[in-house]
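In the numbering used here, the protein residues as written are 473 to 911.
From the three backbone atoms N, C-alpha and C, an ideal C-beta is built for every residue, glycine too.
Computed from a predicted structure; not experimentally measured.
So the structure is just underneath, and the comments pick up after that.
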Amino acid sequence: MQKIVSLCKRRGFIFQSSEIYGGVEALWDYGPLGSLLKNNIKQEWLKAFVQNREDVVLIDTPIIMHPKTWEASGHLKNFADPLIECKNCHSRFREDHLIKKECPNCGKKDFTPSKQFNLMFKTFLGPVEDESHIAYLRPETAQSMFTDFNLARESMRLKIPFGIAQIGRSFRNEITTGNFIFRSREFEQAEIEYFVKPGEDEKFFEEWVDAWEKFIIGLGIKKENLRRYEHKKEALSHYSKRTIDIEYKYPFGWSELTGIANRTNYDLSQYSKFSGKELIYFDEETKTKYIPFVIEPSLGIDRLLLALLCDAYQEVKGGRTETTKSVKEIEVVLKLDKKIAPIKVAVLPLVRNKPELVKKAKEVYQLLKPHFICQYDEVGSIGRRYRRIDEIGCPFAITVDFETLEKEDVTLRDRDTMKQERVKIKDLVKVLKEKLEEK
Ligand code: GAP
């Protein structure tokens, strides 16, 4: 894990937030490459579940919702974890996260009785800071899909089964954090609330578990690093009839990457009760009314990004680039899928002390820039530069050399096969587009 964390910092993927002040626990900044990677993952999710489907629509709603939301959803009462405090050093822990009943800080075994700690961040809406103005930062994106159920369905003339999707920030004042971006206090979720006819929920539940897993594998995660975990009946959330987590084999062990829940008609019923507005569906064919059931696939974008980094990280024996002379030395290659790689093409003049090569390489860079996210790099030996771009998972590198000046062609290097081929500059955009779209 330490290797991933240090690569992320060194190469501009993820930094500690507010690092100049020593950082803030469980908050992370996505750097120049991390932001591009995260954005690519989100785009792929949108493509798979909104663009390529006819039955899912997207919404984008505020982080602060009407405070009544959290009464109706049950979060005010139930969204809590068991908190205990060490009587000796006063460190606080999540009780169920302590494997041995021993303080990880001072080793003592004397704790206060456990109490329920609500994970929602509190704030005030407007300038008056009193009880009646308390609001909460949402701990999940899901609830707007229920409060907007009628508005989205009516405006888009949606017929059951249909889904409402959203990607956005969620906030949880987690008691124990750690494992890098795995458990943060601010993170991003991509969720779908898929409304179905009661009785058809179990079939759709199975379909969504499969679709969700297929999407994750499609982004490049190895199947053997994923497994399913079915929640025991007694451990289900207050709204769920059935939940399956898809777990990933992180360097710190198998842990939840994503979850799919059958939320029954709990949420729509609760909102109808609390708001006085009917959130029901009228079936034109059977002329009957019912409260739809909901299947909810929910994905943490940050957890997926971490899994993708861990899965793509490879240490290979030296010799890929001329920077390692001995096979005993290790080179790092981030084998990110082309779809999500932050930089698609690197443009490198063979040497930088020949102005004509630099000029040509910059022309090639300008030619490619409108089509792909590219990086121009002239610093260091060519081997060192290949090594740097392998480390950031860039799938293609173009080298401009002396032959280029005569023949108007360049060397195109493939990160995975290490094959190099000559391509005419005039064909580069077309060739790269084809290669990036190849399965
Ligand atoms: N709407 C259902 C829901 O929020 P959840 O299991 O609490 O269910 C869904 O969260 C997903 O959100 C998790 O599977 C995980 O990927 C992500 N997630 C939850 N808490 C997180 C945290 N503190 N940091 C990063 N990701 C988190």
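Outcome for residue i when other beta-carbon atoms lying within 10 angstroms are tallied against a minimum of 16
i, result
"M617", "buried"
"N524", "exposed"
"N737", "buried"
"H710", "exposed"
"Q847", "buried"
"Q786", "exposed"
"H605", "exposed"
"V851", "exposed"
"T758", "exposed"
"R641", "exposed"
"V600", "exposed"
"L877", "exposed"
"D755", "exposed"
"I716", "buried"
"A662", "buried"
"T760", "exposed"
"I639", "buried"
"E447", "This structure cannot settle anything about residue 447, because the visible part of the chain is limited to 473 through 911."
"F676", "buried"
"A833", "buried"
"A614", "buried"
Residues that residue i bridges to, as DSSP identifies them
i, result
"W500", "Q488"
"I716", "E702 and I732"
"K789", "I802"
"Y608", "K594"
"F765", "V668"
"F659", "S642"
"S727", "Y720"
"R885", "A869 and Q892"
Same chain, Cβ closer than 6 Å to residue i, five either side skipped, listed in chain order
i, result
"T533", "S616"
"Y666", "G635 and I767"
"F652", "V477"
"F687", "A520"
"P814", "L505, L508 and L509"
"L808", "A784 and G865"
"E544", "Sequence inspection shows Ala at residue 544; the Glu mentioned does not correspond to that position. Q742, Y743 and F746."
"L633", "Reading off the sequence shown, one finds Pro at residue 633, where the question assumed Leu. Counting only Cβ-Cβ distances below 6 Å, and skipping sequence neighbours, we find V668."
"L530", "V522 and A637"
"K713", "N734 and T736"
"T595", "A607"
Any non-hydrogen atom of ligand 1 within 7 Å of residue i CB
i, result
"G731", "yes"
"Q742", "no"
"L644", "Residue identity differs from the one stated: residue 644 is Arg in this sequence, not Leu. Yes, the beta carbon of R644 sits closer than 7 Å to at least one heavy atom of ligand 1."
"R655", "yes"
"L771", "yes"
"F659", "yes"
"E685", "no"
"D501", "no"
"D774", "yes"
"A637", "no"
"E663", "yes"
"A813", "no"
"E497", "no"
"E728", "yes"
"A552", "no"
"E719", "no"
"E875", "no"
"E768", "yes"
"A614", "yes"
Chain-order list of residues whose beta-carbon lies under 8 Å from that of residue i (same chain, five-residue window excluded)
i, result
"W684", "I718, T730, I732, P769 and L771"
"C561", "C575, N577, C578 and K580"
"V823", "L829 and I854"
"L698", "E685, I688, I689, I718, E719, Y720, K721 and L729"
"T648", "F565, R566, H569 and R655"
"D888", "K807 and P867"
"I812", "L509, N512, I513, E516, L691, G692 and L780"
"L555", "R564, F565, R566, E567, S586, K587, Q588, F589 and I647"
"K749", "N622 and Y743"
"I492", "none"
"R792", "E803, V805, Y858, R859, D862 and M890"
Cutoff 7 Å; reference residue i; Cβ partners in own chain excluding five residues on either side
i, result
"S489", "G495, V496, L499, W500 and D501"
"V895", "D881, V882, L884 and V903"
"F551", "N590, L591, M592 and P611"
"F583", "I556, E557, C558 and K559"
"E658", "L499, R641 and F643"
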